[in-house]
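Trainee: If you're matching positions, the sequence shown starts at 534 in our numbering and goes up one per residue. Where is the CB? At the ideal position from N, CA and C, for every residue including glycine. Can you keep this structure in mind? I'll have questions shortly.
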Amino acid sequence: MGASSVDSAAEVNTIIAQCTAMDDLLRVMLEQAGSIYPSPNWLFGGITDMENPVEVEVLAHSHMRLKTVYLGMRIPILCSPFSHRIFEEHCVSYVGEDLGTLSLLNSHFAETFALSSFMGIPLLFSNKIIGVLYAATLKGEKASAPTESQEEALRNLARAGALAFHQIKTRTSM
């Protein structure tokens with residue numbers, strides 16, 4: 534990793550650490566994710582039950598094509614190779630028509646949302662997933678798999694975001 538990547542990661546960590554409200558944190562995370570990996574549609578899903586994760590709740594989204602109707606939507610964690618990589622292996626997971634891997638996503642989910650690609654980046658705290666950053670391209674939008682450097686930068690963002698998310702959530706639940 535070059536010096537510019539370290540400086541960039543440090544800047545992102547500083548920006549995220551300055552967030553004191555959940556709305557600010559989620560906005561910053563989605564903006565930073567979009568600058569790392571330009572996807573027209575970013576979502577943040579919070580895990581509703583960390584002991585037994587079965588669904589994510591959409592807490593924030595980019596304002597490109599996604600409508601506010603998605604806020605608060607609870608999306609089941611469907612059994613698929615895509616979800617397995619995120620929730621069991623704790624890895625970045627990407628599927629797309631561009632790689633011929635969209636079939637690794639639940640087909641009903643892909644059809645319902647007219648997806649051409651979907652990526653999930655887990656946010657881990659104490660080795661438990663507390664949230665997931667999702668990037669989606671819809672039919673008609675250009676999709677491309679993230680590069681290794683983009684994946685690394687997204688993992689760094691997720692690490693910083695997970696700590697801030699946990700701290701804000703803990704502080705606001707007291």
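In chain order, which alpha helix (DSSP H) runs of at least 4 residues are fully inside the region 615-684?
Mentor: Counting whole runs of 4 or more residues, the region 615-684 contains the alpha helix (DSSP H) stretches 640-645.
Trainee: From this set, V625, I662 and S572, which residue's C-alpha is nearest P588's C-alpha?
Mentor: With the sequence shown as reference, residue 588 is identified as Glu, and Pro is not the correct amino acid for it. Out of V625, I662 and S572, I662 has the C-alpha closest to the C-alpha of E588.
Trainee: Looking at the strands, I want to know which residues DSSP matches up with N574.
Mentor: DSSP output for N574 lists A669 as bridge partner(s).
Trainee: Suppose contacts are defined by Cβ-Cβ distances below 9 Å. Is A668 in contact with F651 by that definition?
Mentor: Contact flag set, yes.
Trainee: Assign L592 to one of three DSSP states: helix, strand, or coil.
Mentor: In this structure, L592 counts as strand in the three-state DSSP scheme.
Trainee: So I549 packs on A697, CB below 8 Å; how close in whole Å?
Mentor: Right, their Cβ atoms sit about 5 Å apart.
Trainee: Using only the alpha-carbon positions, how far apart do Q683 and S706 sit?
Mentor: Their backbone Cα atoms lie some 33 Å apart in a straight line.
Trainee: Does the distance from the CB of A686 to the CB of S541 come in under 9 Å?
Mentor: In this structure, S541 lies closer than 9 Å to A686 by Cβ.
Trainee: Quick one: give me the first and last residue of the alpha helix (DSSP H) that I608 is part of.
Mentor: Run containing I608: none in the alpha helix (DSSP H); it sits in the beta strand (DSSP E), R607 to P609.
Trainee: Express the C-alpha separation of P586 and T547 in angstroms, rounding to a whole number.
Mentor: So the two alpha carbons sit approximately 30 Å from each other.
Trainee: Expressed to the nearest angstrom, what Euclidean distance is found between the alpha-carbon atoms of L657 and D557?
Mentor: Their Cα atoms are separated by approximately 19 Å.
Trainee: Please confirm whether G653 and R618 have their CB atoms less than 9 Å apart.
Mentor: Going by C-beta atoms, G653 is nearer than 9 Å to R618.
Trainee: Nearest by alpha-carbon distance to L559: which of D631, L671 and V665 is it?
Mentor: Per the Cα distances, V665.
Trainee: Do N574 and E674 have their C-beta atoms closer together than 9 Å?
Mentor: A contact, by the Cβ cut-off of 9 Å.
Trainee: Taking the alpha-carbon of T634 as reference, which of A676, G578 and I610 has the nearest alpha-carbon?
Mentor: Closest option to T634, Cα to Cα, is A676.
Trainee: Alpha carbon to alpha carbon, how far is A554 from I701?
Mentor: Distance between the alpha carbons of A554 and I701 is about 7 Å.
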